[in-house]
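At position 155 of the sequence shown (counting the first as 1) the number is 350 in my numbering, and the numbers step up by one without a gap. Cβ atoms here follow ideal geometry from the backbone N, Cα and C, with glycine treated the same way. Everything numeric in this text was worked out from a predicted model, so none of it was measured.
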Amino acid sequence: MPKYFDPHIHMVSRTTDDYQNMAAAGITGVIEPAFWQGQARTSVGSFADYFDTLVGWERFRASMFGIHHFCTIGINPKEANNTQLAQDVLDILPRYLVKDGVVAVGEIGYDDITPEEDRFLAVQLDLAMQFDLPVLVHTPHRDKIGGTKRTLAVIREVGIPEHRVVIDHLNELTLPLVLETDCWRGHSVYPNTKMSEQRMVALLQQYGTEKMIVNSAADWGVSDPLKVPKTGQVMLEAGFTEAQVEQVLFHNPVDFFAQSGQLDKALVSTPLSIDQRKTWQENSALRGQDPVVK
(Lines of atoms letter the chains of each structure in order from A and count residues from 1; the text may use other names and numbers.)
(Lines give C-alpha, C1' and ligand atoms only; values in the text may rest on other atoms or scores of the structure.)
Protein backbone atom coordinates (compact mmCIF):
# COMPACT_ATOMS: atom_id res chain seq x y z
CA MET A 1 0.00 0.00 0.00
CA PRO A 2 1.39 3.44 -0.87
CA LYS A 3 2.01 5.87 1.97
CA TYR A 4 0.11 9.12 2.02
CA PHE A 5 0.39 12.59 3.54
CA ASP A 6 -2.55 15.02 3.70
CA PRO A 7 -1.09 18.55 3.57
CA HIS A 8 -4.34 20.44 4.16
CA ILE A 9 -6.95 19.12 6.58
CA HIS A 10 -8.73 20.79 9.49
CA MET A 11 -8.59 18.09 12.14
CA VAL A 12 -10.03 20.22 14.96
CA SER A 13 -13.30 19.66 13.07
CA ARG A 14 -12.89 15.89 12.84
CA THR A 15 -13.32 12.97 15.24
CA THR A 16 -10.85 10.44 16.58
CA ASP A 17 -12.50 7.90 14.27
CA ASP A 18 -11.19 9.94 11.37
CA TYR A 19 -7.63 9.71 12.71
CA GLN A 20 -7.99 5.94 13.08
CA ASN A 21 -9.42 5.53 9.56
CA MET A 22 -6.75 7.78 8.07
CA ALA A 23 -3.97 5.81 9.71
CA ALA A 24 -5.49 2.54 8.50
CA ALA A 25 -5.59 3.95 4.94
CA GLY A 26 -1.86 4.69 4.99
CA ILE A 27 -1.82 8.39 5.93
CA THR A 28 1.28 8.93 8.06
CA GLY A 29 1.01 12.68 8.59
CA VAL A 30 -1.13 15.77 8.16
CA ILE A 31 -0.80 19.53 8.02
CA GLU A 32 -3.56 21.59 9.60
CA PRO A 33 -3.81 25.16 8.30
CA ALA A 34 -5.27 27.88 10.49
CA PHE A 35 -8.67 28.75 8.98
CA TRP A 36 -12.05 30.38 9.47
CA GLN A 37 -14.11 28.29 11.88
CA GLY A 38 -17.55 29.08 10.50
CA GLN A 39 -18.31 31.97 12.83
CA ALA A 40 -16.47 35.26 13.09
CA ARG A 41 -14.07 35.50 16.02
CA THR A 42 -14.41 38.71 18.00
CA SER A 43 -11.15 39.04 19.90
CA VAL A 44 -7.46 38.34 19.49
CA GLY A 45 -7.72 35.97 22.46
CA SER A 46 -9.93 33.67 20.40
CA PHE A 47 -7.19 33.44 17.80
CA ALA A 48 -4.52 32.82 20.43
CA ASP A 49 -6.54 29.97 21.95
CA TYR A 50 -7.08 28.48 18.48
CA PHE A 51 -3.40 28.74 17.53
CA ASP A 52 -2.47 27.17 20.89
CA THR A 53 -4.80 24.27 20.07
CA LEU A 54 -3.11 23.72 16.70
CA VAL A 55 0.40 23.56 18.14
CA GLY A 56 -0.65 21.81 21.35
CA TRP A 57 -3.71 19.66 21.94
CA GLU A 58 -4.37 18.75 18.30
CA ARG A 59 -0.80 17.69 17.71
CA PHE A 60 -1.03 15.51 20.80
CA ARG A 61 -4.42 14.05 19.79
CA ALA A 62 -3.05 13.05 16.38
CA SER A 63 -0.09 11.33 18.03
CA MET A 64 -2.45 9.13 20.04
CA PHE A 65 -3.46 7.49 16.77
CA GLY A 66 -0.05 7.30 15.08
CA ILE A 67 -0.38 10.44 12.93
CA HIS A 68 2.36 13.07 12.61
CA HIS A 69 0.66 16.47 12.95
CA PHE A 70 1.97 19.81 11.72
CA CYS A 71 0.23 23.12 11.16
CA THR A 72 0.39 26.45 9.38
CA ILE A 73 -0.38 29.73 11.13
CA GLY A 74 -1.88 32.86 9.58
CA ILE A 75 -4.84 35.17 9.18
CA ASN A 76 -7.44 33.57 6.92
CA PRO A 77 -8.60 35.93 4.15
CA LYS A 78 -12.21 35.78 5.31
CA GLU A 79 -11.11 37.33 8.61
CA ALA A 80 -8.74 39.89 7.12
CA ASN A 81 -11.56 42.36 6.50
CA ASN A 82 -11.96 43.16 10.20
CA THR A 83 -8.95 45.44 9.98
CA GLN A 84 -8.32 46.21 13.64
CA LEU A 85 -8.75 42.61 14.76
CA ALA A 86 -6.60 41.36 11.90
CA GLN A 87 -3.87 43.81 12.92
CA ASP A 88 -4.06 42.55 16.50
CA VAL A 89 -3.69 38.98 15.26
CA LEU A 90 -0.80 39.98 13.03
CA ASP A 91 0.98 41.32 16.10
CA ILE A 92 0.93 37.90 17.82
CA LEU A 93 1.83 35.80 14.75
CA PRO A 94 5.62 35.99 15.22
CA ARG A 95 5.55 34.08 18.49
CA TYR A 96 3.66 31.22 16.81
CA LEU A 97 5.74 31.08 13.64
CA VAL A 98 8.75 29.89 15.66
CA LYS A 99 6.95 27.06 17.47
CA ASP A 100 7.69 23.39 16.84
CA GLY A 101 5.53 21.88 14.14
CA VAL A 102 4.67 25.14 12.36
CA VAL A 103 5.67 24.49 8.75
CA ALA A 104 4.29 27.53 6.88
CA VAL A 105 2.41 30.80 7.00
CA GLY A 106 -1.16 30.07 5.97
CA GLU A 107 -3.70 29.69 4.86
CA ILE A 108 -3.66 33.23 3.51
CA GLY A 109 -4.99 34.76 0.32
CA TYR A 110 -8.33 36.03 -0.93
CA ASP A 111 -12.02 35.68 -0.21
CA ASP A 112 -13.78 38.75 -1.61
CA ILE A 113 -10.56 40.24 -3.09
CA THR A 114 -10.78 43.45 -1.06
CA PRO A 115 -8.08 46.07 -0.40
CA GLU A 116 -7.88 44.75 3.18
CA GLU A 117 -7.23 41.24 1.91
CA ASP A 118 -4.58 42.67 -0.43
CA ARG A 119 -2.84 44.30 2.51
CA PHE A 120 -2.79 41.29 4.83
CA LEU A 121 -1.75 38.92 2.06
CA ALA A 122 1.26 41.09 1.25
CA VAL A 123 2.20 41.60 4.91
CA GLN A 124 2.03 37.88 5.64
CA LEU A 125 4.09 37.01 2.57
CA ASP A 126 6.70 39.39 3.89
CA LEU A 127 6.42 37.78 7.33
CA ALA A 128 7.07 34.37 5.76
CA MET A 129 10.29 35.69 4.26
CA GLN A 130 11.34 37.14 7.62
CA PHE A 131 10.82 33.78 9.35
CA ASP A 132 12.15 31.70 6.44
CA LEU A 133 8.89 29.78 6.06
CA PRO A 134 7.01 28.62 2.96
CA VAL A 135 3.46 29.84 2.33
CA LEU A 136 0.08 28.16 1.81
CA VAL A 137 -2.25 30.36 -0.26
CA HIS A 138 -6.03 29.97 -0.38
CA THR A 139 -7.62 30.96 -3.69
CA PRO A 140 -11.16 32.40 -3.45
CA HIS A 141 -14.35 30.41 -3.90
CA ARG A 142 -15.71 33.19 -6.15
CA ASP A 143 -13.86 34.77 -9.10
CA LYS A 144 -11.20 32.10 -8.89
CA ILE A 145 -9.44 33.25 -12.06
CA GLY A 146 -9.32 36.89 -10.96
CA GLY A 147 -8.25 35.92 -7.46
CA THR A 148 -5.52 33.60 -8.70
CA LYS A 149 -4.16 36.24 -11.07
CA ARG A 150 -4.13 38.82 -8.27
CA THR A 151 -2.43 36.35 -5.92
CA LEU A 152 0.37 35.74 -8.40
CA ALA A 153 0.76 39.48 -8.94
CA VAL A 154 1.15 40.13 -5.19
CA ILE A 155 3.66 37.30 -4.89
CA ARG A 156 5.76 38.99 -7.57
CA GLU A 157 5.30 42.43 -5.99
CA VAL A 158 6.45 41.22 -2.56
CA GLY A 159 9.32 39.23 -4.04
CA ILE A 160 8.96 35.95 -2.18
CA PRO A 161 10.56 33.12 -4.17
CA GLU A 162 7.79 31.33 -6.03
CA HIS A 163 9.11 27.86 -5.19
CA ARG A 164 8.29 28.62 -1.53
CA VAL A 165 4.58 29.15 -2.27
CA VAL A 166 1.83 26.61 -2.86
CA ILE A 167 -1.34 27.93 -4.49
CA ASP A 168 -4.23 25.80 -3.25
CA HIS A 169 -7.81 24.97 -4.32
CA LEU A 170 -6.84 24.98 -8.00
CA ASN A 171 -9.06 23.65 -10.78
CA GLU A 172 -9.00 23.20 -14.54
CA LEU A 173 -9.25 26.97 -15.12
CA THR A 174 -6.68 28.18 -12.59
CA LEU A 175 -4.04 25.45 -12.75
CA PRO A 176 -2.70 26.67 -16.15
CA LEU A 177 -2.09 30.11 -14.60
CA VAL A 178 0.07 28.62 -11.84
CA LEU A 179 1.87 26.31 -14.29
CA GLU A 180 3.38 29.45 -15.80
CA THR A 181 5.14 30.13 -12.48
CA ASP A 182 7.50 28.27 -10.16
CA CYS A 183 4.81 27.96 -7.46
CA TRP A 184 3.61 24.56 -6.30
CA ARG A 185 0.11 23.47 -7.37
CA GLY A 186 -2.42 22.46 -4.71
CA HIS A 187 -5.78 20.76 -5.29
CA SER A 188 -8.54 20.07 -2.74
CA VAL A 189 -10.56 16.93 -3.52
CA TYR A 190 -14.13 17.14 -2.23
CA PRO A 191 -17.22 14.91 -2.35
CA ASN A 192 -19.37 17.28 -4.43
CA THR A 193 -17.45 20.46 -5.26
CA LYS A 194 -13.97 21.87 -5.97
CA MET A 195 -12.23 18.76 -7.41
CA SER A 196 -13.07 15.06 -7.71
CA GLU A 197 -10.65 12.15 -7.77
CA GLN A 198 -11.40 11.56 -11.45
CA ARG A 199 -10.83 15.20 -12.41
CA MET A 200 -7.62 15.25 -10.41
CA VAL A 201 -6.30 12.19 -12.20
CA ALA A 202 -7.20 13.76 -15.55
CA LEU A 203 -5.12 16.82 -14.62
CA LEU A 204 -2.19 14.59 -13.64
CA GLN A 205 -2.46 12.77 -16.96
CA GLN A 206 -2.51 16.07 -18.85
CA TYR A 207 0.09 18.07 -16.94
CA GLY A 208 2.28 15.50 -15.18
CA THR A 209 3.19 15.09 -11.53
CA GLU A 210 5.84 17.79 -10.96
CA LYS A 211 4.98 20.06 -8.00
CA MET A 212 1.42 18.71 -7.99
CA ILE A 213 -0.10 18.43 -4.50
CA VAL A 214 -3.43 16.88 -3.45
CA ASN A 215 -5.31 17.35 -0.19
CA SER A 216 -8.73 16.71 1.32
CA ALA A 217 -9.18 20.15 2.98
CA ALA A 218 -11.68 18.26 5.16
CA ASP A 219 -13.37 20.43 7.78
CA TRP A 220 -16.75 20.94 9.47
CA GLY A 221 -18.53 20.99 6.10
CA VAL A 222 -19.39 18.18 3.71
CA SER A 223 -15.94 16.71 3.19
CA ASP A 224 -13.98 13.46 3.37
CA PRO A 225 -10.70 12.97 5.27
CA LEU A 226 -9.87 9.95 3.10
CA LYS A 227 -9.84 11.80 -0.23
CA VAL A 228 -6.04 11.58 -0.54
CA PRO A 229 -5.87 7.75 -0.46
CA LYS A 230 -9.05 7.60 -2.56
CA THR A 231 -7.29 9.72 -5.19
CA GLY A 232 -4.38 7.31 -4.97
CA GLN A 233 -6.68 4.40 -5.74
CA VAL A 234 -8.10 6.15 -8.80
CA MET A 235 -4.56 6.94 -9.94
CA LEU A 236 -3.65 3.26 -9.73
CA GLU A 237 -6.79 2.29 -11.64
CA ALA A 238 -5.84 4.81 -14.34
CA GLY A 239 -2.44 3.20 -14.84
CA PHE A 240 -0.19 5.29 -12.62
CA THR A 241 2.47 3.28 -10.79
CA GLU A 242 2.65 3.04 -7.02
CA ALA A 243 5.84 5.11 -7.18
CA GLN A 244 3.98 7.86 -9.05
CA VAL A 245 1.16 7.74 -6.51
CA GLU A 246 3.61 8.17 -3.65
CA GLN A 247 5.38 10.96 -5.52
CA VAL A 248 2.21 13.05 -5.78
CA LEU A 249 0.50 12.05 -2.56
CA PHE A 250 3.47 11.80 -0.21
CA HIS A 251 6.79 13.08 -1.51
CA ASN A 252 5.53 16.27 -3.19
CA PRO A 253 3.76 17.74 -0.15
CA VAL A 254 6.48 16.62 2.24
CA ASP A 255 9.20 18.09 0.03
CA PHE A 256 7.39 21.41 -0.20
CA PHE A 257 6.76 21.85 3.51
CA ALA A 258 10.19 20.45 4.43
CA GLN A 259 11.47 23.84 3.23
CA SER A 260 10.41 25.04 6.69
CA GLY A 261 13.07 22.96 8.41
CA GLN A 262 10.30 21.64 10.68
CA LEU A 263 9.36 18.51 8.73
CA ASP A 264 11.73 15.54 8.42
CA LYS A 265 10.85 13.19 5.56
CA ALA A 266 12.57 10.20 7.16
CA LEU A 267 10.54 10.77 10.33
CA VAL A 268 7.14 11.09 8.64
CA SER A 269 7.74 8.13 6.32
CA THR A 270 6.51 5.82 9.05
CA PRO A 271 3.63 6.22 11.50
CA LEU A 272 4.31 7.49 14.99
CA SER A 273 4.60 4.92 17.73
CA ILE A 274 1.46 5.05 19.85
CA ASP A 275 1.35 5.43 23.61
CA GLN A 276 -2.15 6.36 24.72
CA ARG A 277 -1.10 6.41 28.36
CA LYS A 278 0.28 9.90 27.74
CA THR A 279 -1.75 13.02 28.47
CA TRP A 280 -1.73 16.64 27.39
CA GLN A 281 -2.00 19.04 30.32
CA GLU A 282 -3.42 16.08 32.29
CA ASN A 283 -6.09 15.44 29.63
CA SER A 284 -6.60 12.52 27.27
CA ALA A 285 -8.77 11.84 24.22
CA LEU A 286 -9.72 8.49 25.78
CA ARG A 287 -13.00 8.13 27.66
CA GLY A 288 -12.42 5.10 29.84
CA GLN A 289 -10.96 2.92 27.09
CA ASP A 290 -7.89 0.83 27.74
CA PRO A 291 -4.91 2.79 26.36
CA VAL A 292 -3.17 1.35 23.30
CA VAL A 293 0.61 1.13 23.33
CA LYS A 294 2.40 -0.01 20.19
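Whole-angstrom C-beta distance between residue j and residue i, which should lie under 8 angstroms
i, j, result
"I226", "F452", "6 angstroms"
"G233", "Y199", "Actually they are not in contact, since the Cβ atoms of G233 and Y199 sit about 27 angstroms apart, beyond 8 angstroms."
"E302", "F230", "6 angstroms"
"T346", "L365", "So it is not a contact: roughly 11 angstroms between Cβ atoms."
"V360", "Q457", "Contact flag wrong, Cβ pair sits at about 17 angstroms."
"Y305", "L316", "7 angstroms"
"K425", "E392", "6 angstroms"
"V349", "G296", "V349 to G296, Cβ: 27 angstroms. No contact."
N- and C-terminal bounds of the beta strand (DSSP E) containing residue i
i, result
"I222", "222-228"
"R380", "379-383"
"N410", "407-410"
"V488", "Premise fails: V488 is in no beta strand (DSSP E) and is neither H nor E."
"V360", "360-363"
Residue interval of the alpha helix (DSSP H) (run including residue i)
i, result
"M395", "392-402"
"V284", "278-292"
"I340", "339-353"
"T267", "Run containing T267: none in the alpha helix (DSSP H); it sits in the beta strand (DSSP E), 263-268."
"D212", "211-219"
"Y305", "Where Y305 is concerned, there is no enclosing alpha helix (DSSP H), given that its DSSP letter is neither H nor E."
Proximity below 8 angstroms, CB of residue i to CB of residue j
i, j, result
"G269", "V300", "yes"
"V373", "I362", "yes"
"R256", "P420", "no"
"I408", "G381", "yes"
"M430", "L399", "yes"
"T376", "E357", "yes"
"V423", "D201", "yes"
"V488", "Q476", "no"
"Q439", "T474", "no"
Nearest to residue i (by Cα), restricted to the options the options
i, options, result
"Q279", "L249, E253, S238", "S238"
"S411", "K425, T426, L328, V384", "V384"
"Q454", "F242, T474, L331, M259", "L331"
"E441", "K406, R482, Q471", "K406"
"D244", "L462, P197, I287, Y402", "I287"
"W379", "D450, T465, Q476", "D450"
"V329", "D338, Q319, R337, H336", "In the sequence under discussion, the amino acid at residue 329 is Pro, which differs from the Val named in the question. Among D338, Q319, R337, H336, the Cα nearest to that of P329 belongs to Q319."
"A281", "A235, T404, S479, P356", "A235"
"V293", "K273, A275, N276, F265", "F265"
"D313", "G341, M390, D327, Y291", "G341"
"T388", "K344, R337, D377", "R337"
"S464", "H446, E367, T436, G403", "H446"
"P228", "Y291, N478, Y402", "Y291"
"S418", "A397, L444, M390", "M390"
"T267", "K273, N277, A275, T248", "T248"
heavy atom of the ligand GTP below 7 angstroms from residue i C-beta
i, result
"V361", "Looking for the ligand GTP in the displayed structure turns up nothing, as the structure carries no ligands at all."
Checklist entry - Contact between the region 404-420 and the region 198-217: three or more CB pairs below 8 angstroms? => result yes
Checklist entry - How do the region 246-262 and the region 209-219 stand: do at least 3 beta-carbon pairs fall below 8 angstroms, yes or no? => result yes
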